[in-house]
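Under my numbering, residues 169 to 505 are what the sequence shown spells out, in order.
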Amino acid sequence: MNRGKPEPVSRRYDIADAGTRRGVLEALENLGPTERRTEDWCDWVLTFEDEGERLVLKQYSKGTLMIQGRADHLLQVILHVLSPFLDEPAETAGNGSGGGDRSGGGDRSGGAHVSDRTGTRKLPLPHIGTDESGKGDYFGPLVVGGVLVETGTRKNLVTLGIRDSKKLGDATCRKLAAEIRRICVGKYREVIIPPERYNTLYEEFRREGRNLNHLLAWGHARTIESLLESAPCRLAVTDQFGNEGYIRSRLMKKGREIELIQEHRGERYLAVAAASILARDRFLEYLEKLSGEAGLTLPKGAGPPVVAAGRKYVERHGADKLPSVAKMHYKTTAQVV
Numbered sequence: 169m170n171r172g173k174p175e176p177v178s179r180r181y182d183i184a185d186a187g188t189r190r191g192v193l194e195a196l197e198n199l200g201p202t203e204r205r206t207e208d209w210c211d212w213v214l215t216f217e218d219e220g221e222r223l224v225l226k227q228y229s230k231g232t233l234m235i236q237g238r239a240d241h242l243l244q245v246i247l248h249v250l251s252p253f254l255d256e257p258a259e260t261a262g263n264g265s266g267g268g269d270r271s272g273g274g275d276r277s278g279g280a281h282v283s284d285r286t287g288t289r290k291l292p293l294p295h296i297g298t299d300e301s302g303k304g305d306y307f308g309p310l311v312v313g314g315v316l317v318e319t320g321t322r323k324n325l326v327t328l329g330i331r332d333s334k335k336l337g338d339a340t341c342r343k344l345a346a347e348i349r350r351i352c353v354g355k356y357r358e359v360i361i362p363p364e365r366y367n368t369l370y371e372e373f374r375r376e377g378r379n380l381n382h383l384l385a386w387g388h389a390r391t392i393e394s395l396l397e398s399a400p401c402r403l404a405v406t407d408q409f410g411n412e413g414y415i416r417s418r419l420m421k422k423g424r425e426i427e428l429i430q431e432h433r434g435e436r437y438l439a440v441a442a443a444s445i446l447a448r449d450r451f452l453e454y455l456e457k458l459s460g461e462a463g464l465t466l467p468k469g470a471g472p473p474v475v476a477a478g479r480k481y482v483e484r485h486g487a488d489k490l491p492s493v494a495k496m497h498y499k500t501t502a503q504v505v
């Protein structure tokens, strides 16, 4: 894997809402910090280390989250996990559709407006958005969703109040997914990689000196290519989860002809947020199926409840069956078996 040289990192975020701070902690715990400690004036302090990179995250009781250390790829991973909690809704409706455009005016150009600290960016229509679900979950599949947003479907999608799926409850996510599929008939795709297939692919990639980001890129590339079969499109946008060359290197002929945008907090884009909802819905559906077959609830995430459920699963079905429901390379496996 090609990494940049670790650089000094010092970032500050203000997170006033206690519920959001709990969500941040849970998401970071799922990553598996190398150290946890207490410190005056802090709710928690977590340290992450990976191949010479090191970041310390401190959540101060008054709301400030500090990220400090030296990192390159590790910072990208942390920001990807934190993006749902540091983001804003993915577009609000333009004039006449029940909301206001954050840029201060309607979307007269027909493009998709995205606001961030660097200003407003317009994306021409049509364009594709992709996102994945299940990457931080020990049980269940990895799912990549993709949505092709066109001039005729954008307004209907905006009025749904779409947000990144990680900010939605399961029931809301599933209801919105049904609406997205109704609006975007033939213009969405869902690539489901079941646990057994995931484990096989992961091992194949690992033997070739590649990692999880390459597997993710494979899923995103397949989704983009499939959508390009349904309609011409010259632009795709996705959340950045690693080196920008990962996805492009996996694209085939049609995919290599499009412009590919990868940005942190990519769920700000309407198409990416819609894709995240479809991916999460399929993930939840598949996890329910696995739970039914196992005869016990297989929880989301990778925390203590997941370890407990994993041990019950092994007691009932044996450790040799675990690859059919779980991502075996997670550190959780060592706690389960």
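Virtual Cβ for every residue (Gly too), placed ideally from N, Cα, C.
In this text the structure is predicted, and so the values were computed from the model without any measurement.
How is residue i classed by DSSP in three states: helix, strand or coil?
i	result
glutamine 503	helix
isoleucine 429	strand
glycine 387	helix
glycine 506	Since the first residue shown for the chain is 169 and the last is 505, residue 506 is missing from the structure and cannot be characterised.
threonine 327	coil
alanine 476	helix
arginine 350	helix
glycine 469	coil
arginine 418	helix
Applying the 10 Å Cβ sphere with the 16-neighbour rule, what's the burial state of residue i?
i	result
proline 400	exposed
glutamate 435	buried
alanine 345	buried
threonine 319	exposed
glutamate 259	Confidence at glutamate 259 is low in this model, with a pLDDT of 46, below 50, so its placement is unreliable and the value that follows should be read with caution. Per the 10 Å Cβ criterion, buried.
valine 493	buried
glutamate 393	buried
arginine 448	buried
aspartate 182	exposed
serine 178	exposed
glutamate 221	buried
glycine 304	buried
alanine 477	buried
tryptophan 209	exposed
glycine 302	buried
Do residue j and residue i have their beta-carbon atoms positioned less than 7 Å apart in this structure?
i	j	result
isoleucine 348	alanine 442	yes
aspartate 299	serine 444	yes
aspartate 218	leucine 242	yes
valine 311	arginine 204	no
threonine 391	valine 359	yes
valine 224	glycine 237	yes
isoleucine 426	histidine 388	no
leucine 383	tyrosine 370	yes
tyrosine 454	glycine 329	no
alanine 439	valine 315	yes
tyrosine 356	alanine 470	no
histidine 432	leucine 247	yes
Which residue from the options puts its Cα closest to that of residue i?
i	options	result
valine 192	Gly220, Tyr228, Glu318	Tyr228
valine 317	Glu175, Glu203, Cys352	Cys352
tyrosine 366	Tyr498, Leu438, Arg204, Pro176	Tyr498
alanine 186	Lys173, Leu233, Leu199, Glu483	Leu233
serine 511	Glu461, Gly423, Lys468, Val245	With the chain covering only 169 through 505, there is no way to say anything about residue 511.
lysine 290	Thr188, Leu403, Glu221	Leu403
proline 201	Phe216, Cys210, Arg190	Phe216
lysine 294	Leu395, Trp386, Asp488	According to the sequence shown, residue 294 is proline rather than lysine. Checking every option, the nearest Cα to that of proline 294 belongs to Leu395.
Checking the sheet assignment: what are the DSSP bridge partners for residue i?
i	result
aspartate 218	Glu221
aspartate 407	Glu431
glycine 313	Asp299, Glu358
serine 178	Gln236
cysteine 341	Answer by DSSP bridge pairing: none, since cysteine 341 is not bridged.
tryptophan 212	Gln227
glutamate 203	Thr215
alanine 487	Bridge partners of alanine 487: none, in fact.
phenylalanine 307	Ala494
Counting only beta-carbon separations shorter than 7 Å, does residue i have a partner in chain B?
i	result
glutamate 217	No chain B is part of this structure, which consists of one protein chain only.
Can you find a heavy atom of the ligand FAD that lies under 6 Å from the Cβ of residue i?
i	result
isoleucine 330	By its list of ligands, the structure shown contains no ligand whatsoever, and the ligand FAD lies outside what it can speak to.
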